[in-house]
Structures are given as structure tokens and as C-alpha cells.
Amino acid sequence: MVHWFYNVYLDMPYVQPPPPIPPQTYIIDAGSLQGQSLQMEATEILASVDRRVEGDLEMLMRSATTNFDQLFVRLVAQAGPVKPESIILPKPTDPPIQIPLPPEDVTGERMQVLADNQEFNDAEQTFVATGNVIVRYQGSELKADKVEVNIVEQVAVAQGNVFFTRGDQMLQGSRLEYAYADQKGNLRDASGAINLGTLDRPEATQLPSDLDSNSQFFSVGRNDRSTRDDGEVRRLGFRAEVLRLDGDTWEAEKLRITNDPFSPPELELVTDRATLKPLSETQDQLKTENPRLVFDQTVSIPLFRDTLIIDKYQRDTPAKIGFDSRDKDGLFYQQNFDVISAENINLTISPQILLQRGFNGDLFGADMFGVEVALDADLPNRQVINAEIELSSLDLTDLDNQLRVASTYDRPIFGDHTFSAQYTFRDRIFNGSIGFQDVQNSLGFNIFSPNRQLGDSGINLSYQAGAQYISADRADLDVVEVGSLGRLQGAIALNRGIPIWRGKTLPPEPTSGLRYSPKPIQPRLDAILGLSGTYSYYTSDDSQLYLAGTVGLSAVLGNFAEDFFDYTQLNISYSQGLTNGESPFFFDRVVDRQRLNAGVLQQLYGPIRLGAQSSWNVETGEVIDSSLSLQYDRRTYAFVIRYSPTREIGELQLRISDFNWDAPPGDDVTPVRGGVERRD
Numbered sequence: 020m021v022h023w024f025y026n027v028y029l030d031m032p033y034v035q036p037p038p039p040i041p042p043q044t045y046i047i048d049a050g051s052l053q054g055q056s057l058q059m060e061a062t063e064i065l066a067s068v069d070r071r072v073e074g075d076l077e078m079l080m081r082s083a084t085t086n087f088d089q090l091f092v093r094l095v096a097q098a099g100p101v102k103p104e105s106i107i108l109p110k111p112t113d114p115p116i117q118i119p120l121p122p123e124d125v126t127g128e129r130m131q132v133l134a135d136n137q138e139f140n141d142a143e144q145t146f147v148a149t150g151n152v153i154v155r156y157q158g159s160e161l162k163a164d165k166v167e168v169n170i171v172e173q174v175a176v177a178q179g180n181v182f183f184t185r186g187d188q189m190l191q192g193s194r195l196e197y198a199y200a201d202q203k204g205n206l207r208d209a210s211g212a213i214n215l216g217t218l219d220r221p222e223a224t225q226l227p228s229d230l231d232s233n234s235q236f237f238s239v240g241r242n243d244r245s246t247r248d249d250g251e252v253r254r255l256g257f258r259a260e261v262l263r264l265d266g267d268t269w270e271a272e273k274l275r276i277t278n279d280p281f282s283p284p285e286l287e288l289v290t291d292r293a294t295l296k297p298l299s300e301t302q303d304q305l306k307t308e309n310p311r312l313v314f315d316q317t318v319s320i321p322l323f324r325d326t327l328i329i330d331k332y333q334r335d336t337p338a339k340i341g342f343d344s345r346d347k348d349g350l351f352y353q354q355n356f357d358v359i360s361a362e363n364i365n366l367t368i369s370p371q372i373l374l375q376r377g378f379n380g381d382l383f384g385a386d387m388f389g390v391e392v393a394l395d396a397d398l399p400n401r402q403v404i405n406a407e408i409e410l411s412s413l414d415l416t417d418l419d420n421q422l423r424v425a426s427t428y429d430r431p432i433f434g435d436h437t438f439s440a441q442y443t444f445r446d447r448i449f450n451g452s453i454g455f456q457d458v459q460n461s462l463g464f465n466i467f468s469p470n471r472q473l474g475d476s477g478i479n480l481s482y483q484a485g486a487q488y489i490s491a492d493r494a495d496l497d498v499v500e501v502g503s504l505g506r507l508q509g510a511i512a513l514n515r516g517i518p519i520w521r522g523k524t525l526p527p528e529p530t531s532g533l534r535y536s537p538k539p540i541q542p543r544l545d546a547i548l549g550l551s552g553t554y555s556y557y558t559s560d561d562s563q564l565y566l567a568g569t570v571g572l573s574a575v576l577g578n579f580a581e582d583f584f585d586y587t588q589l590n591i592s593y594s595q596g597l598t599n600g601e602s603p604f605f606f607d608r609v610v611d612r613q614r615l616n617a618g619v620l621q622q623l624y625g626p627i628r629l630g631a632q633s634s635w636n637v638e639t640g641e642v643i644d645s646s647l648s649l650q651y652d653r654r655t656y657a658f659v660i661r662y663s664p665t666r667e668i669g670e671l672q673l674r675i676s677d678f679n680w681d682a683p684p685g686d687d688v689t690p691v692r693g694g695v696e697r698r699d
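In my numbering, the protein residues as written are 20 to 699.
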């Protein structure tokens, strides 16, 4: 292995000569010829030089930026070693020779080269390195079988098993031409990875330790916890025929992006041409031409969206097929467009085609179309603004019954707590046996605690407190009508999970543990205990107190790797509550004091799973909430059909593992549990 350093000088300035050199030492300095310095003692030169290099040395001395008038060197050709008396030394009366040395502090950077063999061309200032070549320069590392570098122009050409790393860019290819000066280059047969960081999943900001029977812990088909990748670094692999580098941005031809670590990939995003541009340290923008999704190397569907934001946040898929009987009269199609995708702000406009309403009425009238606008902004000091406006019809003759608005402003407070100010217009509330309620207006704030663990007890604690001014249907009046009241509310929840049994996971191989899931599934059995309490005071001098206890079991059986019945998820829980007083509103009144919740998600064949989840009011025997799901699950993606008979809401969802198209179901409904709105 040959290890060498090349000094690359850029725009070297002229430096004033240093102090005189003592007469006893003679330094011949070639100056800054081609960016390289040559320093040798005259006695060493005379001891080793012969007639063949006499002319070269004289030419070198004449070309140097030094006055050699006072220096006289006579080269003597003879056989054998040089005799000391043959060397002509200066007289003591001769003035000292002043020869400028090369500058020590120059604007440049050292290039480190390691290789089995290196050849340096001094005249052209180039070198060729072959065999296990490693070049480190300007914070980058280049590995290849062969590298040719022009030091003056700072251009490298690498061939054979090329690996190039610069910052977060990790690239591989067959041939790279790269200019270090402007950080531009071309890489052929390129492949690499896009680091997405750790996925930020929005925690349930309201009582995350609450184990109400409708909580996510006791639900199926909603982002199964056993296959989530919380805390893991996610990467997307890509391949391209040609990759053009320009700083941190690159352009690609014939680009294929996949989230599958195995080959051939189950899922690919394919595009003829694409540009990847970093918006921030955690966010990239991918602009594409004619993008499409290819499933299992066979099925291809167009992606009607040419700009994608790749980051650590959950996002909706570019398109959505949904069902909403109450607001949209049935089946509808929604297309999402990112109008603004900047580092700290995202504005999405989502036109909707209300298909079933159009078929049942005016086919192309304004009433057949709707729109949704969503704004997300990250401000300094961890401040966040979210706003959403939805019109269920573009026929604005009945705007008060077609418009819905929801907005929040969040910021840290008291260290690890969150202050959240909210405003909603016609908030869509679902409250168990009471059903749907529209809260006409709500303005207020809440302070949320994080999920805390009490010492080594295993008990989790969370709490919240807030105040709102609310306009909604009154339940305490003889005639149901909208009334306005202030409300002060506080809530607390505790839970403890008790692991009962843990099974074995299968190896992370495509034919075993990763056959139908993004990570190996561990069979398990857990018991859960929980307590919660809510107190609400209203300016009508009414109050409502609710205390509840919950006990439940949750189990996962099988590894989801065989063809038949190798996965069963079960949950069952019972909640018993006590109340004192009643809310003057319908939307937050507690009426379901005894509830039974149960669900199952069962593999039928291969990647197909069927799920059901229901809640009953034990006192009346009435089903107060339910949902059904049919899932087609693969290692890298899933198609999920979900429908709630009680809410008459459903959707077809595409979920992509290790990507950010896995946002929770977007039914735009705020559930109320225990008298508390759960805007999770």
C-alpha cells in the first residue's frame, strides 16, 4: 500500500522573503512551480547529481522566482564520490543569500491518497492510483479500483467499484467524474441510500396513559404496534442510470427508489427523471417526471403527483378513496397536492370528487366537488401551527353547514409540557351512544403533560387541564338548541402493563420473519390495568365528574410467516365508570358507564387478514362503535379497506413501510371518551 499526501494550493499569494539564511547552508528553492515546492541543500545535490541533470538543474534555477545572481554553483562530473575540496564554497565576505521559501499558510487542503500503486506526473501535476484506492479530500471519501486526479484543476475520474461518500450522500457506481472545486460530477450505474432519520410519530397529546376501551391499544388494524419501527433509522435505496451531482442536490435519469432491503424489491417508485433537493437536515424534496409505483415487478399504477416530501413525519398518501355518508353522501375520491413544501411550512390543497353524490344528483354540478386545505408550520422554539379547512360542497348556498375549520397552536411550556391553543368551527364529534354531534364553535387552550413513569413501579401517569368557550347543542334545555358556555376541565390517567408471556421471533429473512411484515413479529400476551378521572365545570354552574377503571388482555399469536392462520391478534377489555353530575352539552356528556370492547385481526391466507373491532354499552347491550378491516399486507406495503358501520365512514388506504405514507385513518372525526375530546 502506497500512502502519500498531495498539497493542493489554490490561488497562492506571493510571500515576502524570510530572514537571511546562514552562509553555511544553501537552499535551492524552485518557488511555486505548478503548485509544488522543491527544497534541497546544495551539498546534497552536488553529492548525487551527474552531467545528465546539469542542464535540468540550471533550467530549474533560472525559472525560480528567486534572484540567483549571488549564488554560483559549479557541477563537477567525476567518477566516484564527490571530493570536499572540489566544492566551491562562498567567501566569508560574500553577503548572505536571500531565497524566498514557499509559504507555510496557504489557501488549500491536504489530499490523502492510499493505494496499492501510484504514479505521479510532475509536469502535468496529475497522478494515477490503482488497486484499493482511497482518496480523502474536502470532507469526502472516494474509493475505487482506479482513480486519476488532476491536482491543479481538482478533477477526479474514478472507475471500477466506485464508492463516494460526502456528508449524508452515500453513493456507489461504475464510473465517477467529479470536480472538487464546484462539487459537481456524474456517476454512472448509480445506487445509494436516502437516510430518512427516525420516524416522528405524533404521540397522543391527550392522556397517552389512558386505557379507555376505545384507545389505540385495544384496537386492531390501525398501525399494529408489533410491526412498528419506532426509534429505528429508516433508509430508502435507489438506483439510476446516471446521477448528476451538484453539491447536496442530485439529478437522476431512470430512477428507481425502493424501501425493500432485499432483491428483487417488492415495491419501487419508478420515474424517468428526478431531482432530489434537501430542504433541511430532516427533509428532502423529490421532483419527478411520470412517476409510478411498481408492485412485485409486475403491477404498475401511475402516481398523480410529481413532487414528494421525504422526511421523518407521517403524511397522507398522494391520493385517497373514501366513504363518508354524513358529509359527502357516500363514495368520494381525493387528490393531495403540496402547493408549498418549504423547510418549515407545508401547504396542501386536496380537491375532492364526490362520486356517489354526483351519480345520485347533478353529475357535474358544483355540489359534486369539495376541497380540503391543510397548513402545517414549524416555528422557532418548537412552536407548531396546524390548520385545516374543509368544504363538503362548492355550492356555497348553505356555507354554514358545509364548512369545517380546525386549528391548533402548540408550544412547549414548563419544560416538558405542551401548551395547545385551539379553535374549531363545526367540529365533528362522535360520543358513543349519543352518536355524532357538531360543536358549532370552540375556542380555548389545554396544557398536556408527557407520559411519565412513576419510579420503578411500571405505572404510567399523564394529565391535562384547560379552559374553553363552547357553542354546541344544549342537553339541559327543554328545546334542543345551540347554547354557549365556558368550561374548565382537568383529567388524569394511570396505567400499568403486565407482561405475561413472550414468544420467539423468526429470523429477519424474506422467507420467514419478514415475509409479510416490515419487522419480525413477536408473539406475546399482556394484561393491562388502568384508572382515569375527569372533572368538568361549566359557567352554567353545572359540573360532571367521571371516574373509571379498565382491565384488559391483549395477545398476538403466530409470526405471520406461514400460508394459513399464522397470525391472530386478540384484545378484550372492560371499563366500569362512576359519574356525578352531567354536562349541559350533548357532545361531552358521559352516558356509557359500563363498556365492553373486543377485537380480532386474523390471517386467512398468505398476506390477507380480516379484522373486526366493537364496543358495547353493557347496560343497554347496544353496539356503540364498530369497525371492520380487510388488509393485504406485504413486507414493504399494505392495502387496507376499513369501514365503520356505526359511523358510516370508510376508506381504502395504501400504507408504505419505512416511508412516511402511513398516517392514521383520516376520517376527520374527534372521538369523545370519558367526557374528553381525543384529538390524537
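Quick reminder that beta carbons are idealized off the backbone N, C-alpha and C, glycines included.
For GLY463, DSSP records a beta bridge to GLN441 and GLN487. If one requires a minimum length of 3 residues, the beta strand (DSSP E) runs lying completely within the region 155-196 are 159-169 and 174-185, in chain order. ALA163 is positioned such that its CB atom lies no closer than 8 Å to that of VAL147. Residue range 402-410 is occupied by the beta strand (DSSP E) that includes GLN402, with no alpha helix (DSSP H) assigned at that position. Under the three-state reduction of DSSP, ARG534 is assigned to coil, being neither helix nor strand. Pairing ALA259 with GLN472, the inter-Cα distance amounts to about 48 Å. A direct Cα-to-Cα measurement between GLY516 and LEU548 gives close to 7 Å. Cα atoms of THR317 and ASN636: separation of roughly 48 Å, rounded to the nearest angstrom. Under DSSP, LEU286 forms a beta bridge with PHE314. Here TYR352 is near ILE372, since their CB atoms are less than 8 Å apart. Within 10 angstroms of the beta-carbon of GLY380 lie fewer than 16 other beta-carbons, which makes it exposed. Bounds of the alpha helix (DSSP H) holding ASN379 are 374-379. Sorting ASP395, THR336, ALA491 and GLN375 by C-alpha distance to the C-alpha of SER360 places ASP395 at the top. Distance between GLU160 and ARG263, taken at the CA atoms: about 17 Å.
Selection LEU322, ASP201, LEU255 and GLU196 evaluated against VAL261 yields GLU196 as nearest (Cα-Cα).
In the DSSP assignment, VAL691 falls within the beta strand (DSSP E) that extends over 689-692. In the structure shown, ASN514 falls within a strand segment according to DSSP collapsed to helix, strand and coil. Going by DSSP, PHE356 is part of the beta strand (DSSP E) stretching over 356-360. For SER559, no beta strand (DSSP E) run applies, since DSSP gives it neither H nor E.
Out of THR326, PHE257, ASP644 and GLN613, the CA that lies nearest to the CA of ARG207 is found in PHE257.
Secondary structure note for ASN450: it is in no beta strand (DSSP E), with a DSSP letter that is neither H nor E.
With contacts defined as CB atoms closer than 8 Å, VAL575 and ILE540 qualify as a contacting pair. Judged by pairs of C-beta atoms under 8 Å, the region 559-568 does not touch the region 438-454, as fewer than three such pairs exist. LEU623 sits exposed, since fewer than 16 C-beta atoms from the chains shown fall within 10 Å of its C-beta.
Three or more pairs of CB atoms, one per stretch, sit closer than 8 Å, so the region 271-290 contacts the region 644-662. Only residues of its own chain outside the window of five on either side were considered, and among them ILE213, LEU295, LYS296, PRO297, ILE328, ILE329 and ASP330 have a CB closer than 8 Å to the CB of ASP303, listed in chain order.
Considering only ASP397, ASN400 and VAL424, the residue with the shortest C-alpha distance to LEU410 is VAL424. Under DSSP, the beta-bridge partners assigned to LEU507 are ALA486 and TYR556.
In chain order, LYS203 place their CB closer than 6 Å to the CB of ASP265, counting only its own chain and leaving out the 5 sequence neighbours on each side. In this structure, VAL174 lies near ALA198, with their beta-carbon atoms less than 8 Å apart. Ranking GLN157, GLU696 and GLN131 by CA distance to the CA of PHE464 puts GLU696 first. In this structure, VAL498 sits away from ASP492, with a CB-CB distance that is not shorter than 8 Å. A Cβ-Cβ contact shorter than 8 Å links GLY618 with GLY630. With respect to the C-alpha of GLN354, the residue from LEU382, ASP346 and PHE388 having the closest C-alpha is PHE388. Excluding five sequence positions before and after SER559, the CB atoms of its chain that fall closer than 8 Å to its own CB belong to ASP495, LEU504 and PRO603, given in chain order.
Residue pairing by DSSP places ILE643 opposite no residue, since no beta bridge is assigned to it.
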